[in-house]
Amino acid sequence: MPGPPPGRPRQNPLGRAGRQHHLSGAAHEMPLRKQRSSTMNDYNPDECSKKLKDGGFIPPCDDISQQLPLHCDNYGELVHETCKRHKDIGPYYPIQMTACVLRDEHDQILEYRYIDDPHMFQKCQELHNQTKQDWEPYLCFCCCACLAYGTPVETPMGARAIESVRTGDQVLAAAPNGASGDLSWKPAEVTFSGGAEGGTSQNMVYLGYGRTGPDQDLICSTDQVLMVDGGKLVRAGQLHHGDQLVDKDGNPVTIHTIAIGAYTGGVHHIGTATVDDLAAEHLVIVGGVVGGDYYMQLNYDSLPNGYRVDDAEERPQLWSADYTSRAGEPHPLNMIFEAPGGAKGTTPRSATGQFTAYSREPSRPEGISADLLTPAQAADVLANGHQINMSNPIPHYVAENIFKLLGGFHPDIDFYLDWADPTPNVYALSQYGRKIVIVTGGLARLKEIGYHGLIMAIAHGVERFSGQKPLDADGFSVTGLADYLAFAVDGQSIWWHPPEATVCPPVAYKDMSALFGLITPANSHADPDDPLDRPSVQCRLDCVGAGVAGASLPECAGGSPKIKVSLEDAVAQDAKTLVLTTNLLVTKDSAADTSHYVLTPPAPVHRAHRDSDSMPYHIHLAADLVPGHEYRIKIRDLVADGDHAGVDPDHDTRPFTVPT
């Protein structure tokens, strides 16, 4: 992702003195496992399954069989190479794969087979034909793993930059024992060392700590394991104000600053001791404090309770609403780190990069913009909706995928994901001659809106630039029109061929309905001072529905008024027969309903029928009328064939005189 677009609030990076360190790793929750291959060294299949399900990529492949790996092991090198394209987002990128599965009479999967063959679908059909059993192709999702690099670590010969530590080198390590003051440090062989240069890592934790002030810093993933005073271990994303870290000698070290944000720079991780034994030497010294190595990070949930903090299961994650209520707000922070001096591979050095903390304040674009939701509506959606955890990178992948999809149709528009903004919204704005659509992380992480609906929500921002009238005061197409065009133009461009053309638009409509359903009644009405750009929620649903159906733009969004049924003439042929003439052909059922005709003075209408399908359009009424008297006839609730809007109240009545 590029940096913040023009017009977005920018924080002023501040130079920071002192030594800064950084570790890396994705979020992991898993039973103790051995790594299967070199491609699995930075990968946790259980965490992959969790993130896939939370992100809506269902079913994960492990729902078919525990033997079918969630890491895409069966894919060749060409597919694995594509993972590198996503290294700036995180380590868990959803990949679709196909297995051949056997179902029972209850539609449950009994067995799966992965067929590594270009003719996989034909082979699965052959299996079905040969066995006379219900074998069929089945799509599921696995993960493609990739990471970045960085950090210094203590060795028997002194501190070294972590990226210089290789497999077979030695670092100082200790075994966990649940007590901070009784750690036995000794040389331990590094059995895993991996990472990559550069890139931006989201959801990183910044810690500023020291005995008298924040004279040291550590940047790590939310799942990095750290020791707190008392010897217990906790994940960095669960550290609270008041927690103290532990130095090499077991002394408490006060945390002065906690923040979560994005880090641009190198990251790295190492593992020591044997993978199978968590009681072995998996504690290392990073940035002057005690933390777990990569294997401990992977298997933190498998540690005995005596090693973990007592409330490990209940501690909320940084950035969650529960964290704020229980642990206080993380500190706002933005800084650039410089790394002067120091030969690579010989001495520890501060990283070169930038850490930008997330803020809970909505970062609404500066200047003029057009929004998917009003501020009050966005606040409703935030309060009433449910968010995928910020540490799950899959919504990030989904948004980036949609940007590429829509960008192919709209190369003149720049798309940006403001991942840190928790308020669900889409903004369209123009800056420096460029059209910009900004999507907040709060919308991308919203569980109530699926992939198809998110496409249309972002397309709403695109269609604000359509130039089609009516326009708002700032030159953007009005809200309802943008909703309509998102489905009528972008939806048809994306889903133009069966089966997508018949399946996807209704799913997107359902998603948008769910999004609008989170808005409270108080904020669902049209703004009487600006009904076109601030229409009612019902008007917006009508616009979306019209866009799906290819119908006319609703009048509430600036569409042309629909033609209404008018009564053009009324002629009494005699005291028993009255002939009406209408401007439109009404339906037979509507014309036959005698309650649709009211005579003044009152007189009964016994029967009614439509005359013909050609102009002039006549309706014949059988009534009891008095010869020589004057009457007025009023029509109501007549329905015309086609897309029309009822009876015109200004032209629903005609006088007539009954002949003698």
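Going letter by letter, the sequence shown gives residues -16 to 643 in the numbering used here.
Even for Gly, the Cβ is constructed at its ideal location relative to N, Cα and C.
Computed from a predicted model, the values in this text were never measured in an experiment.
Around the CB of Arg615, fewer than 16 other CB atoms lie within 10 Å, so the residue is classed as exposed. The DSSP-derived three-state label of Leu356 is coil.
DSSP, read as helix, strand or coil, puts Ile502 in coil.
Taking all protein chains in view, the Cβ of Leu266 is crowded by 16 or more other Cβ atoms within 10 Å, so the residue is classified as buried.
The segment 565 to 582 makes contact with the segment 538 to 551, as at least three CB pairs between them are under 8 Å.
Between Arg517 and Asp525, the CB-CB gap reaches or exceeds 9 Å. Gln280 places its beta carbon less than 9 Å from that of Asp206. Around the beta carbon of Leu93, a 10 Å sphere encloses fewer than 16 other beta carbons of the protein chains shown; the residue is thus reported as exposed.
From the listed residues Met495, Gly271, Trp118 and Ala555, the smallest Cα separation to Pro235 is found for Gly271. Nearest neighbour of Leu426 by Cα position, chosen from Ile477, Ala529 and Asn367, turns out to be Asn367. Around Pro139, the same chain offers Gln153, Leu155 and Pro170 as residues with beta carbons nearer than 7 Å, after the five sequence neighbours per side are excluded.
DSSP places Val527 inside the alpha helix (DSSP H), whose first and last residues are Val520 to Ala532. By alpha-carbon distance to Thr636, the top candidate from Thr643, Leu621, Ala628 and Pro642 is Leu621. In the three-state reduction of the DSSP assignment, His592 falls in the strand class. The DSSP-derived three-state label of Glu137 is strand.
In its chain, beyond the 5 residues on either side, no residue has a beta carbon closer than 6 Å to the beta carbon of Asp576.
The C-beta separation of Gly220 from Gln91 comes to about 37 Å, leaving the pair out of contact by the 8 Å criterion.
Under the three-state reduction of DSSP output, Gln91 falls in the coil class, being neither helix nor strand. In the DSSP assignment, Tyr290 is bridged to no other residue.
Beta bridge pairing from DSSP links Asp457 with no other residue.
A direct Cα-Cα distance of roughly 60 Å separates His379 from Glu551. When DSSP states are grouped into helix, strand and coil, Ile377 belongs to the helix group. For Ala575, the secondary structure class from DSSP, reduced to helix, strand or coil, is helix. In terms of CA proximity to Pro159, Val217 leads the group Val217, Gln116 and Cys203. When C-alpha distances from Asn112 are compared across Val461, Phe448 and Leu85, the shortest belongs to Leu85. In the same chain as Pro599, and ignoring 5 residues on each side of it, the C-beta atoms closer than 7 Å to its own belong to Thr564, in chain order. Assignment of Thr462 by DSSP, reduced to helix, strand and coil, places it in the helix class.
In this structure, Thr255 is the residue among Asn288, Leu222, Tyr246 and Thr255 with its C-alpha nearest to the C-alpha of Val136.
Arg523 counts as buried, since no fewer than 16 other beta carbons sit within 10 angstroms of its beta carbon.
In the structure shown, Tyr614 adopts extended strand secondary structure according to DSSP, grouped into three states. In the displayed model, Ile385 falls within a helix according to three-state DSSP. Secondary structure of Pro638 (DSSP, three-state): strand. Counting only the Cα atoms, Ile477 lies some 29 Å from Gln105. In the pairwise beta carbon analysis, the segment 397 to 407 is classified as not touching the segment 456 to 472: fewer than three pairs are separated by under 8 Å. Look at Pro235 here: in three-state DSSP terms it is strand. When C-alpha distances from Ser496 are compared across Leu468, Tyr246, Ile432 and Asn506, the shortest belongs to Ile432.
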